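Enquirer: Here it is, the structure in full.
There are 2 protein chains.
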Amino acid sequence: MPDIFDRWVIPVSLPPPRLTDNRADADRLAGALKSVLHTDDITFAWPLLKVLPRRLRAAASGKVRCVVMKDGRGFRVVGVKDIADPSPAAGIAVDLGTTRVVLRLIDLETGAALSETALDNPQISVGPDILARIHFAANDSGRRGLHERIISGLNTAVADLCQKADIVADDIFLMTVAGNTSMTHLFLEIVPDWIIREPYIPAANRFSLISAAELGIAVNPCACVFVFPNVGSYFGGDLIAGILYSGLHRRDEIAMLVDVGTNAEVLLGNRDWLVACAGAAGPALEGGMSKIGMTARPGVIDEIRIDPQTRAFQIHTIGDQPPVGICGSGMIDLAAQLFLTGMIDLRGKFVKDACGGRRIEKDGIHQITVVPADQSATGSELAISQTDIDSLVRSKAAMYAILETITAYVGVTFKDIVTFFVAGTFGSFIKPRSAIAIGMIPDLPETTYQPLGNSSLAGASLALTSRAAFDEIDAIRDRITYLELNVNPEFMGRFSAAKFLPHTDPARFPSVVRKN
Amino acid sequence: MPDIFDRWVIPVSLPPPRLTDNRADADRLAGALKSVLHTDDITFAWPLLKVLPRRLRAAASGKVRCVVMKDGRGFRVVGVKDIADPSPAAGIAVDLGTTRVVLRLIDLETGAALSETALDNPQISVGPDILARIHFAANDSGRRGLHERIISGLNTAVADLCQKADIVADDIFLMTVAGNTSMTHLFLEIVPDWIIREPYIPAANRFSLISAAELGIAVNPCACVFVFPNVGSYFGGDLIAGILYSGLHRRDEIAMLVDVGTNAEVLLGNRDWLVACAGAAGPALEGGMSKIGMTARPGVIDEIRIDPQTRAFQIHTIGDQPPVGICGSGMIDLAAQLFLTGMIDLRGKFVKDACGGRRIEKDGIHQITVVPADQSATGSELAISQTDIDSLVRSKAAMYAILETITAYVGVTFKDIVTFFVAGTFGSFIKPRSAIAIGMIPDLPETTYQPLGNSSLAGASLALTSRAAFDEIDAIRDRITYLELNVNPEFMGRFSAAKFLPHTDPARFPSVVRKN
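Here the protein sequences line up with chains A and B, keeping their order. My numbering applies: residue 1 is where the first sequence begins, and numbers increase by one. My numbering applies: residue 517 is where the second sequence begins, and numbers increase by one.
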């Protein structure tokens, strides 16, 4: 569709004021916008209203570009620029991750990405995980401190975006923020206490537009911030953004979207129905449990092959750097290879004979050497223990049980799933064959699995470049039926059955064939 | 109707959160409010959302009182109090006059007035009239200065209201502000430049709810401010508030509402139609032209009788104090008596013989002594000049021509007008018989004329105590047809014909009989 009907920047031609048409400036402008927006419900950011008469009269041609944003059922005008003004009208999409925050500066008229930047979530100084931060936010000063940390971090990032794209912050009129429910609460300084306590109640699932100035974000004083809505405490705006980006809510075929982290969030559906659930998968899949586990960065092992005959390890690291540790997808690769080569058994336990010299005992716990000390970047050997493998097996079992439960709940089978989207960094690195080999995900054709990349950022960006896409956000949220695993009677049985490699019922994984 | 269905404070009983009802706190509260407000469109002031989870859980009974306000087509929740909390939920109605600002503190639950205070509009230091202030606002610092003056004045008044009523400012959640279009613009720091320049364009006629905190008003941080809409540059929110209070928009019979000042604003209508116009009446009716003219206060002459035989002046002052000057209604009384006793002629000129010794010449201009020096509070004589009378005649002629033009435009006659509301201080003091005697208002039975008092404040108060009344505001505004006198071809002819006392056509004023 033509940009004017889909972008947030709308060019309008204003009739000049006359005695016979002495409507207020705001009414004249709203009247012109109405022909594009098809509503009378058009309001103005107060700081814009203050200077509107001058802004309109400064446009010699009578033509201006208006930056608008959906506000409830109507629109809020947040910027007016002379059509002859060459400076852009920009917006910022934010993926507000617990660990990492990524921002993309977007030209609202062309839809082009102007620059991108990322930072560690500055709240990490309080605690790496959500739980620690929510406890820190238990009192007003803690909550305020966390809020100020993220706002200050965002402001630094905004300055960086502007510098990279050579624009001024005053040209930024919109911001869309997609984060999980806890990050969203902490961003908005909202009491998060009951998110983590049964029955897990967020303060709010939807957020009105908030003025950037009120939030303390250093962009145009009229700018507003849209925060993606949550479904509940454990299914947040980052997922809604991901669904929006994936487009699965518009497809005829059934698709699944999985975001893997400490929590696994899953959505199953198509254009007719959407069912979501979330469950604790444990930190193993993020590489967070093992002593050598770490998130993806140069030097991290992301791929391992074990020769079925010689049992020699062939290791690949990100950026081909000397190995420093192993990430979640590397762990899955490793476990899959250990299993396929017979080095671990059906229960994930090290097989003494098969492991040979790689298996050593340390402090009463068995471990196997992945990288000897003389080949690692750290100078120490990189090893994973039986405990690490046990933990990974529990995580993959939880993951599989979640997928099985949601599928059964809806009454479909894995075979009905045409596309299986895997979100996040994890999704970009994971090798479906390996995840299938350990029985973490169903044994579907490899082409079924599609990495989405940073779908939270992509969804937040889409909301800035397409009004039609933006309009789907609330509809997606409202259509989602949330399946509460905590009260699901069958989940535990499925979890136990999935604690074998690949499963208690190997017939479910016909493609998994051990080579030894 | 029961208060719960008409007040802005709504008691609700909240279901406790459960695993099987794990809606967000805001959703649970909105759900409970929906049964009273009949809409899903319920949002929360951000500062309230921040602490909502604690506020709800602190209410031991699960019962809370919510303060809401209409926001576009939906509602905004701006306060939540424990039902057991004995402190009131209050609001402030503001009559934002060019000269005087009056505030009333209202208990939003009972509708009772808790206290009242008034102050001179602090912008007077810049200029007594609108024109001077708009010129002062031509640059950003001037505009900001005027805004800050009124905000600071309001904050002093808010503290005074609280002290008088023994409540804290944190218990104030709503504010309604009714002012003319220029005062409204200056209050909101909006560029007013084009209000006073043909074709007389305000920046805006409607204003979204504004957060009191953003405005700098020291009440509850979640509070919001509603500003009455204008019809145009010369028909402002104070009039809309006055109409609301008068109820003329709900009557079957035709009524007129007149607010007399430097500008005369007139509304004519009934439940089916409303027509408004405004025109310059000149400062004479406010007592602003004459050397001894002043607004009503102790010592000001508000009533004069002249003995038709002896031509002795019998003078009444406000508070029976020694005379210091004369107000608008006193001037009208004086002119009427001078005319009825033959001391001025049909054109308003002093009649030498009839004036006798009271008529003296000073600096080439004739004047008559109203109060001799030895009887005045100032020690100087109080006199009015031929120029003063000429000015009054022009003003009354403008007033009558406006009334005639709007009536003719609609196609009704003065006799069709069942009630003639006179707003403002002027309306409280004016004697209809005198105004009729000089032909300023039509010759209708005296009981037709009803003073409304401070109808702007009363309307602003009504908006705080009745949701149903509030809902009429926009409907009133939208129904008004504004008649532009500047482009009316017949107005000037009517004005000329009305420059006689009582009129060129005395048959229009059968009740006016000169006694001499």
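All C-beta atoms in this analysis are idealised placements derived from N, C-alpha and C, irrespective of residue type, glycine included. Being a predicted model, the structure only gives us computed values, none of them experimental.
Cβ of A/Leu56 within 6 angstroms of any heavy atom in the ligand ATP?
Expert: This structure lacks the ligand ATP; in fact it carries no ligand of any kind.
Enquirer: Classify A/Asn180: buried if its beta carbon has 16 or more other beta carbons within 10 angstroms, exposed otherwise.
Expert: Reading the first sequence from its first residue, position 180 is the one you call residue 180 of chain A. Buried, because 16 or more other Cβ atoms sit within 10 Å of the Cβ of A/Asn180.
Enquirer: To the nearest whole angstrom, what separates the beta carbons of B/Lys947 and B/Asp849, a pair I think is in contact under 8 angstroms?
Expert: Residue mapping note: residue 947 of chain B aligns to position 431 of the second sequence, counting from 1. Residue mapping note: residue 849 of chain B aligns to position 333 of the second sequence, counting from 1. So it is a contact: roughly 6 angstroms between Cβ atoms.
Enquirer: With DSSP collapsed to three states, give me the class of A/Tyr234.
Expert: As a working note, residue 234 of chain A is residue 234 in the first sequence. Reduced to three states, the DSSP call for A/Tyr234 is coil.
Enquirer: Given B/Gln966, which residues of its chain have a CB within under 8 angstroms of its CB, disregarding the five upstream and five downstream residues?
Expert: Counted from its first residue, the second sequence places residue 966 of chain B at position 450. Thr935, Phe936, Phe937, Val938.
Enquirer: Take B/Arg875 and list the residues in its own chain whose beta-carbon comes closer than 7 angstroms to its own, dropping the five residues that flank it on each side.
Expert: In the second sequence, the residue the question calls residue 875 of chain B occupies position 359. Same-chain partners within the cutoff: Phe866, Lys868, His882, Ile884.
Enquirer: Leaving out five residues before and five after B/Ile996 in sequence, what residues of the same chain have Cβ atoms less than 6 angstroms from its Cβ?
Expert: The count along the second sequence starts at 1 and reaches residue 996 of chain B at position 480. For B/Ile996, where only same-chain residues beyond five positions count, the Cβ hits under 6 angstroms are Val747, Leu790, Ala792.
Enquirer: Here's a check: name, in chain order, each residue in its chain whose Cβ is nearer than 7 angstroms to the Cβ of A/Phe429, leaving out the five neighbours to either side.
Expert: Sequence index remark: in the first sequence, residue 429 of chain A carries index 429 (1-based). Result list for A/Phe429: Ala296, Asp302, Cys327, Ser329, in chain order.
Enquirer: For the alpha helix (DSSP H) containing B/Cys871, name the first residue and the last one.
Expert: The residue you call residue 871 of chain B lines up with position 355 of the second sequence. Run containing B/Cys871: 868–871, per the alpha helix (DSSP H) assignment.
Enquirer: Quick check: the segment 165–179 of chain A against the segment 208–228 of chain A, are there 3 or more CB pairs under 8 angstroms?
Expert: Taking 8 angstroms as the limit for Cβ pairs, the verdict is that the segment 208–228 of chain A does touch the segment 165–179 of chain A.
Enquirer: Please report whether the beta-carbon of B/Leu565 lies at a distance below 7 angstroms from any beta-carbon of chain A.
Expert: Numbered from its first residue, the second sequence carries residue 565 of chain B at position 49. Chain A, which has a Cβ nearer than 7 angstroms to the Cβ of B/Leu565, makes this yes.
Enquirer: A/Val191 touches chain B at which residues, Cβ-Cβ below 8 angstroms?
Expert: In the first sequence, residue 191 of chain A corresponds to position 191, counting from 1. Within 8 angstroms Cβ-Cβ: Lys566, Val567, Leu568, Pro569, Arg570.
Enquirer: Kindly say whether B/Asp994, judged by its beta-carbon, lies nearer than 7 angstroms to any beta-carbon of chain A.
Expert: In the second sequence, residue 994 of chain B corresponds to position 478, counting from 1. So no, B/Asp994 is outside the interface.
Enquirer: From A/Thr117 to A/Ile124, what does the alpha carbon distance come to, in whole angstroms?
Expert: On the first sequence, position 117 is the one that residue 117 of chain A refers to. On the first sequence, position 124 is the one that residue 124 of chain A refers to. Taking the straight line from one Cα to the other gives about 18 angstroms.
Enquirer: Leaving aside the five residues before and after A/Phe491 along the sequence, list all residues of the same chain whose C-beta is less than 7 angstroms from its C-beta, in chain order.
Expert: The sequence position of residue 491 of chain A within the first sequence is 491, counting from 1. Closer than 7 angstroms at the Cβ level, and outside the excluded window around A/Phe491, lie Ala401, Thr405, Leu485.
Enquirer: Which residues does DSSP pair with A/Ile436 in a beta bridge?
Expert: By 1-based counting over the first sequence, the position of residue 436 of chain A is 436. DSSP output for A/Ile436 lists no bridge partner at all.
Enquirer: Is the distance from the Cβ of B/Leu624 to the Cβ of B/Ala605 below 7 angstroms?
Expert: One-based indexing of the second sequence puts residue 624 of chain B at position 108. One-based indexing of the second sequence puts residue 605 of chain B at position 89. The answer is yes: Cβ separation under 7 angstroms.
Enquirer: So if I threshold CB-CB distances at 9 angstroms, which residues from the segment 579–608 of chain B count as touching chain A?
Expert: Cβ contacts with chain A: Asp587, Gly588, Arg589, Gly590, Arg592.
Enquirer: Using the beta-carbon of each residue, which ones in chain A are nearer than 9 angstroms to B/Tyr716?
Expert: Against the second sequence, residue 716 of chain B aligns to sequence position 200. In chain order: Pro17, Leu19, Asn22.
Enquirer: Using beta carbons (cut-off 7 angstroms, strictly below), is B/Asp987 in contact with chain A?
Expert: What you label residue 987 of chain B is simply residue 471 of the second sequence in a count that begins at 1. False, the Cβ-Cβ gap to chain A never drops below 7 angstroms.
Enquirer: Suppose the cutoff is 6 angstroms on Cβ atoms and the five residues either side in sequence are ignored; what does the same chain contact list for A/Val126 look like?
Expert: Here residue 126 of chain A refers to the residue found at position 126 of the first sequence. Only Arg133, Phe136 meet the Cβ criterion.
Enquirer: Got a sec: which bits of the segment 213–230 of chain A sit with their beta carbon under 9 angstroms from any beta carbon on chain B, in order along the chain?
Expert: Those would be Ala213, Glu214, Leu215, Asn230, in chain order.
Enquirer: How do the segment 1002–1021 of chain B and the segment 546–566 of chain B stand: do at least 3 beta-carbon pairs fall below 8 angstroms, yes or no?
Expert: Output reads no: the segment 546–566 of chain B does not touch the segment 1002–1021 of chain B.
Enquirer: Closest by CA to A/Pro86, which one among A/Leu96, A/Arg65, A/Val77?
Expert: The count along the first sequence starts at 1 and reaches residue 86 of chain A at position 86. Out of A/Leu96, A/Arg65, A/Val77, A/Arg65 has the C-alpha closest to the C-alpha of A/Pro86.
Enquirer: Name, in chain order, the residues that DSSP records as bridge partners for A/Lys63.
Expert: Taking the first sequence and counting its residues from 1, one reaches residue 63 of chain A at position 63. In the DSSP output, where bridge partners are listed per residue, A/Lys63 has A/Ser13.
Enquirer: So, under 8 angstroms CB-CB, A/Ile130 and A/Val68 are touching, yes? Tell me the CB distance rounded to an integer number of Å.
Expert: Looking up residue 130 of chain A in the first sequence gives position 130. Looking up residue 68 of chain A in the first sequence gives position 68. Not really, about 34 angstroms apart at Cβ, beyond 8 angstroms.
Enquirer: To which residues of the same chain is B/Ala797 closer than 6 angstroms at the C-beta, ignoring the five residues directly before and after it?
Expert: Position 281 of the second sequence, counting from 1, holds the residue named residue 797 of chain B. Answer for B/Ala797: Ala780, Ser911, Ala914, Met915, listed in chain order.
Enquirer: Which residues in chain B have a C-beta closer than 9 angstroms to the C-beta of A/Glu484? List them in chain order.
Expert: The residue given as residue 484 of chain A occupies position 484 in the first sequence. Under the 9 angstroms cutoff, chain B gives Leu535, Thr536, Asn538.
Enquirer: Using three-state DSSP, classify B/Asn1002 as helix, strand or coil.
Expert: The sequence position of residue 1002 of chain B within the second sequence is 486, counting from 1. In this structure, B/Asn1002 counts as helix in the three-state DSSP scheme.
Enquirer: Which value, in whole angstroms, describes the spacing of the CA atoms of A/Gly453 and B/Phe742?
Expert: On the first sequence, residue 453 of chain A is found 453 positions in, with the first residue counted as 1. On the second sequence, residue 742 of chain B is found 226 positions in, with the first residue counted as 1. So the alpha carbons of these two residues sit roughly 46 angstroms apart.
Enquirer: So, for B/Phe930: in the same chain, excluding its five sequence neighbours on each side, which residues have a beta-carbon less than 7 angstroms away from its beta-carbon?
Expert: For the purposes of this step, residue 930 of chain B is taken as the residue at position 414 of the second sequence. Excluding positions up to five away in sequence, the list reads Thr923, Pro958, Leu960.
Enquirer: Per DSSP, B/Leu501 is paired with what?
Expert: In the structure as shown, chain B begins at 517 and stops at 1032. Residue 501 of chain B is therefore absent and cannot be evaluated.
Enquirer: Alpha carbon to alpha carbon, how far is A/Asp320 from A/Gln375?
Expert: Residue numbering aside, residue 320 of chain A sits at position 320 when the first sequence is read from its first letter. Residue numbering aside, residue 375 of chain A sits at position 375 when the first sequence is read from its first letter. Each residue's Cα considered, the two are about 13 angstroms apart.
Enquirer: So the candidates are B/Arg534, B/Arg787, B/Leu677; which of them puts its Cα closest to the Cα of A/Glu198?
Expert: Counting from one through the first sequence, the residue named residue 198 of chain A turns up at place 198. Answer by Cα proximity: B/Arg534.
Enquirer: What's the gap between the Cα of A/Ala59 and the Cα of B/Thr981?
Expert: What you label residue 59 of chain A is simply residue 59 of the first sequence in a count that begins at 1. What you label residue 981 of chain B is simply residue 465 of the second sequence in a count that begins at 1. The straight-line gap from Cα to Cα measures roughly 44 angstroms.
Enquirer: Give the single residue among B/Asp556, B/Glu877, B/Gly595, B/Gly588 whose Cα lies nearest to the Cα of B/Arg571.
Expert: Residue mapping note: residue 571 of chain B aligns to position 55 of the second sequence, counting from 1. Among B/Asp556, B/Glu877, B/Gly595, B/Gly588, the Cα nearest to that of B/Arg571 is on B/Gly595.
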